[in-house]
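A.B. asks:
Number of protein chains: 2
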Amino acid sequence: MDSEDRSPFGYDAFRRTCPSHTVLEMLASKWVYLTVCALRRGRLRNGELARKLEGITPKMLTQTLRMLERDGLVRREVFAVIPPRVEYELTELGQNLAGLLSQIRSWAEEHAPEIKDARARASADHGEMGAAP
Amino acid sequence: MDSEDRSPFGYDAFRRTCPSHTVLEMLASKWVYLTVCALRRGRLRNGELARKLEGITPKMLTQTLRMLERDGLVRREVFAVIPPRVEYELTELGQNLAGLLSQIRSWAEEHAPEIKDARARASADHGEMGAAP
DNA sequence: AGAATCACTATCCATAAGGTACCTATGTAT
DNA sequence: ATACATAGGTACCTTATGGATAGTGATTCT
Chain A
517 MDSEDRSPFG
527 YDAFRRTCPS
537 HTVLEMLASK
547 WVYLTVCALR
557 RGRLRNGELA
567 RKLEGITPKM
577 LTQTLRMLER
587 DGLVRREVFA
597 VIPPRVEYEL
607 TELGQNLAGL
617 LSQIRSWAEE
627 HAPEIKDARA
637 RASADHGEMG
647 AAP
Chain B
517 MDSEDRSPFG
527 YDAFRRTCPS
537 HTVLEMLASK
547 WVYLTVCALR
557 RGRLRNGELA
567 RKLEGITPKM
577 LTQTLRMLER
587 DGLVRREVFA
597 VIPPRVEYEL
607 TELGQNLAGL
617 LSQIRSWAEE
627 HAPEIKDARA
637 RASADHGEMG
647 AAP
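Top to bottom, those sequences are chains A and B. If you read the first sequence in the numbering used here, its first letter stands for residue 517, the second for the next number, and so on. If you read the second sequence in the numbering used here, its first letter stands for residue 517, the second for the next number, and so on.
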């Protein structure tokens, strides 16, 4: 039965021409996850985001925010002052998504140890480079 | 307050050296989403997955499955027959995750129209190439 | 005999991620 | 007066990654 696989909306993310597939593609980015999670509890400025998202480069931050804005998940507000001030906040749609993405983040944090162990076991089974006494 | 941002597990996905950050990185792939969703209701063979995940290349399928296996989300079973028979199924950890990823998939399918509209509006505002009467 | 199934593997190329440097405009410090 | 800091970017370049194409070996189907 495939009926369980199809959403009741007529969209099917398994088909690469389906709009929902491109949505999934857009969500499949660690910076999207983290940016949306970071904005979850309120608006932030560019610099605040840059500090919160450890390791993000200005280019990736701008790119990610522009994409989220384009897709209607983030609202960008510019204040005409010097030095410039720009604030970002989630739209309603974005907040809706943020709930789910936060769950994924929590899952990642909760199960990180298990996965770390699994990886260690995998490289021990495979790599097998330790000099056994 | 940052307290709400930190999980009760001592892991913080915002820090790029945290194991949970690498877990998030691993999850940030459309093929991971779709593969885990596809295996949600039972074990499948390589070929069955290849047909279900429209557009995936054999390389990406193998790569994705190997990664999921390495991280303990998928179990791989080989039958020593000719022609070869290999089956994949979710581990308990994988099934646990599949619930969340299915929600993301449903969200993508449910909100695809809104996002499509937002994109159309964005390119209309920006592109602005239509000859206005 | 030739094609198809099956589960991969190897190779190449285009795209995307990522890093560094620089730009705008102002106020402040020296 | 020159230099620096702030803030929010853009431009340029290098390196990973994703994706396309073709091939492997053994067997069954037509």
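Using N, Cα and C, we set each Cβ at its ideal position, and we do this for glycine too. It should be emphasised that the depicted structure is a prediction, and the values quoted were computed from it without experimental measurement.
Whole angstroms is fine: what's the gap from D633(A)'s alpha carbon to H627(A)'s?
C.D. replies: Whole-angstrom Cα-Cα distance: 10 Å.
A.B. asks: Return the Cβ separation of Y604(B) and R559(B) in integer angstroms, given the expectation that the two are a contact with Cβ distance under 8 Å.
C.D. replies: Yes, they are in contact, since the Cβ atoms of Y604(B) and R559(B) sit about 6 Å apart, within 8 Å.
A.B. asks: Judging by CA-CA distance, which residue of S545(A), S536(A) and C553(A) is the nearest neighbour of N612(A)?
C.D. replies: Among S545(A), S536(A) and C553(A), the Cα nearest to that of N612(A) is on C553(A).
A.B. asks: If you check the beta carbons only, do T580(B) and T551(B) fall under 7 Å apart?
C.D. replies: Going by C-beta atoms, T580(B) is nearer than 7 Å to T551(B).
A.B. asks: From the beta carbon of G558(A), is the nearest beta carbon of chain B less than 7 Å away?
C.D. replies: G558(A) does not count as touching chain B.
A.B. asks: If we cut at 7 Å on Cβ distances, does R531(B) have a partner in chain A?
C.D. replies: Answer yes: the Cβ-Cβ gap between R531(B) and chain A drops below 7 Å somewhere.
A.B. asks: Along chain B, in chain order, which residues have C-beta atoms closer than 7 Å to that of F525(A)?
C.D. replies: What F525(A) touches in chain B: E625 and E626.
A.B. asks: Using the beta-carbon of each residue, which ones in chain A are nearer than 9 Å to L577(B)?
C.D. replies: Neighbours of L577(B) on chain A: none; closest Cβ ~13 Å, over 9 Å.
A.B. asks: In the DSSP assignment, find the unbroken alpha helix (DSSP H) run with Y549(A) in it and report its ends.
C.D. replies: Its alpha helix (DSSP H) spans residues K546 to A554.
A.B. asks: Tell me the DSSP bridge mates of F595(B)?
C.D. replies: Answer by DSSP bridge pairing, in chain order: R601(B).
A.B. asks: Given a limit of 7 Å on CB to CB distance, which residues of the region 541–555 of chain A reach chain B?
C.D. replies: Going along the region 541–555 of chain A in chain order, one finds E541, L543, A544, S545, K546, Y549 and L550 with a Cβ nearer than 7 Å to chain B.
A.B. asks: For a contact meaning CB atoms closer than 7 Å, what does A638(A) contact in chain B?
C.D. replies: R586, listed in chain order.
A.B. asks: What residues in the region 589–622 of chain A have a beta carbon less than 7 Å from any beta carbon of chain B?
C.D. replies: If the cut-off is 7 Å between Cβ atoms, the region 589–622 of chain A has L609, L613, L616, Q619, I620, R621 and S622 near chain B.
A.B. asks: Rounding to the nearest angstrom, what Cα-Cα distance links D641(A) and R586(A) in this structure?
C.D. replies: Near 45 Å, if we compare the C-alpha coordinates of R586(A) and D641(A).
A.B. asks: Classify R567(B) as helix, strand or coil using the three-state DSSP reduction.
C.D. replies: It is helical.
A.B. asks: Give the DSSP-derived three-state secondary structure of M577(A) in the structure shown.
C.D. replies: Contrary to the premise, residue 577(A) reads as Leu rather than Met in this sequence. L577(A) falls in the helix class under three-state DSSP.
A.B. asks: Going by C-alpha to C-alpha distance, which of A624(A), W623(A), G615(A) and R621(A) sits closest to W623(B)?
C.D. replies: Looking at the Cα atoms, G615(A) is the closest of the given residues.
A.B. asks: Going by DSSP, what residue range makes up the alpha helix (DSSP H) through S536(B)?
C.D. replies: Counting along the chain, the alpha helix (DSSP H) containing S536(B) begins and ends at P535 to L543.
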